[in-house]
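Chemist:
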Amino acid sequence: MEKARSYTGLFIIVPEKQDEIGEVKNGISLVIGENTGKIVKENMIGKRKLAYPIKKKNDGVYYEVTFTALPKSVTKMRKLFQINTDILRTLIDKS
């Protein structure tokens, strides 16, 4: 049986969703929870200018999550985050 590992996820959210950031955060938490994950720590970094445009956006809202999950479920999470139109970019790394 696989052992749950610790991961850090960094999400860049579209700036237009800054007022509805709670909904986007809940969506991220829901995906992690549905895929055997458990959130350990959350950190809302805030709105920052991007180094280069992503999907014609120059700004993004940065949100960091530390969570534990099974390695095979992280692949599934990455795919779900990629199809979410509220998220510009996702980085999930072992911590």
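Numbering (my numbering), first residue to last: 13 to 107.
In this text, a Cβ means the ideal position worked out from N, Cα and C, and glycines have one as well.
Beta-carbon separation of Ile12 and Val43 under 7 Å?
Modeler: In the structure as shown, the chain begins at 13 and stops at 107. Residue 12 is therefore absent and cannot be evaluated.
Chemist: Taking the DSSP output, what are the residues bridged to Ser18?
Modeler: Thr80.
Chemist: Could you check the C-alpha separation between Asn96 and Ile66 for me, to the nearest Å?
Modeler: 14 Å
Chemist: Measure the alpha-carbon distance for Tyr64 versus Asp71 and round it to whole angstroms.
Modeler: 9 Å
Chemist: So within the stretch 59-106, which uninterrupted beta strand (DSSP E) runs reach at least 3 residues, ignoring any that extend past its ends?
Modeler: 69-81 and 99-106
Chemist: How long is the line joining the alpha carbons of Pro27 and Tyr74, rounded to whole angstroms?
Modeler: 9 Å
Chemist: I'd like the list of long-range same chain contacts for Leu103, defined as Cβ closer than 6 Å, with 5 residues on each side in sequence excluded.
Modeler: Cβ within range, chain order: Leu22.
Chemist: Taking the alpha-carbon positions, what's the Thr87 to Lys50 distance?
Modeler: 16 Å
Chemist: Between which two residues does the alpha helix (DSSP H) harbouring Val36 extend?
Modeler: Ile33 to Glu46
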